[in-house]
Ligand code: NAD
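Numbering (my numbering), first residue to last: 313 to 561.
Set out below in structure tokens:
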């Protein structure tokens, strides 16, 4: 009997167009907790802080939570890509991993060296002005207790990730659908499958004939639905380098 690892390796060896789809679990070994489950962010903070209307009307209150969760913590200098992020960046350099579709907003795929990253939910490493639409890298905005304002027009800045009540960025959505339609293998990594509409993307890949490999610490909605051709239970920061090693044998 082939192990699941070996089955995944065989699929990848026979694939020319591979796409990875990542969620919060991908960054857990970098020290960023997921939203849900044990140690999840929403066990400690109120998710209403990320409602768009809440941010507009009770800005200072919302900013306190956003600053603490996303800027004191996510962008902390000690947070670095883990071996999983580095392996995906390597596979892209080798030419057969065509893109990463990520639900994560922590910028760790870019920092690891991945170039083609579709940020389905945006990125906390940028701010966008709610008045003039100008975007700023985090290096240009001073993070303090005060809500940040646009250096250009003084409008309210918000982190450039999507809040509850906002739509998916059009470019990321379109490119993610295209990537899922054209790949021959699709790797789902560290996502529970609970967040819509992101959770529909793996089904597009499956419907278009891609083999589905799933890596998760525990079974997800995809596993339960029988979507995954191969399910590998474990930590992505350990499993991805193991697959990489087997690919070289
Ligand atoms: P989720 O919190 O709903 O689920 C996380 C999944 O990761 C779970 O299925 C869990 O079993 C799995 N997991 C935990 N540790 C793992 C590991 N080491 N290796 C592999 N799998 C592991 O996450 P989601 O499905 O991505 O949806 C949550 C939403 O919250 C997404 O929109 C995401 O953008 C956002 N979020 C992002 C970050 C981040 O940017 N790092 C962190 C928290 C939440």
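Where is the CB? At the ideal position from N, CA and C, for every residue including glycine.
Note that the structure is a prediction, hence the values are computed from the model and not measured.
Range covered by the beta strand (DSSP E) that runs through residue i
| i | result |
| --- | --- |
| residue 331 | 330 to 334 |
| residue 434 | 434 to 441 |
| residue 528 | 523 to 528 |
| residue 535 | Note, residue 535: premise wrong, no beta strand (DSSP E); alpha helix (DSSP H) at 533 to 537. |
Check: residue i C-beta below 7 Å from any heavy atom of the ligand NAD
| i | result |
| --- | --- |
| residue 470 | no |
| residue 416 | yes |
| residue 497 | no |
| residue 337 | yes |
| residue 429 | no |
| residue 528 | yes |
| residue 502 | yes |
| residue 312 | Look at the range of the chain in this structure, 313 to 561, and you will see that residue 312 is not part of it. |
| residue 363 | no |
| residue 532 | yes |
| residue 347 | yes |
| residue 341 | yes |
| residue 477 | no |
Alpha-carbon spacing of residue i relative to residue j, whole angstroms
| i | j | result |
| --- | --- | --- |
| residue 374 | residue 439 | 15 Å |
| residue 477 | residue 314 | 45 Å |
| residue 455 | residue 447 | 15 Å |
| residue 507 | residue 555 | 27 Å |
| residue 372 | residue 518 | 44 Å |
| residue 496 | residue 433 | 24 Å |
| residue 358 | residue 529 | 25 Å |
| residue 467 | residue 423 | 29 Å |
| residue 318 | residue 351 | 32 Å |
Cβ-Cβ distance between residue i and residue j below 8 Å
| i | j | result |
| --- | --- | --- |
| residue 525 | residue 323 | yes |
| residue 539 | residue 321 | no |
| residue 408 | residue 328 | yes |
| residue 280 | residue 505 | Nothing can be reported for residue 280: it is not among the residues displayed for the chain, which extend from 313 to 561. |
| residue 488 | residue 513 | yes |
| residue 552 | residue 400 | yes |
| residue 471 | residue 436 | yes |
| residue 537 | residue 520 | no |
| residue 414 | residue 428 | no |
| residue 361 | residue 378 | yes |
| residue 411 | residue 340 | no |
Range covered by the alpha helix (DSSP H) that runs through residue i
| i | result |
| --- | --- |
| residue 371 | 371 to 378 |
| residue 553 | 548 to 559 |
| residue 517 | 513 to 519 |
Cβ separation of residue i and residue j, assumed to be a contact under 8 Å, to the nearest whole Å
| i | j | result |
| --- | --- | --- |
| residue 333 | residue 500 | 5 Å |
| residue 451 | residue 391 | Actually they do not touch by this definition, with Cβ atoms about 16 Å apart. |
| residue 335 | residue 416 | 7 Å |
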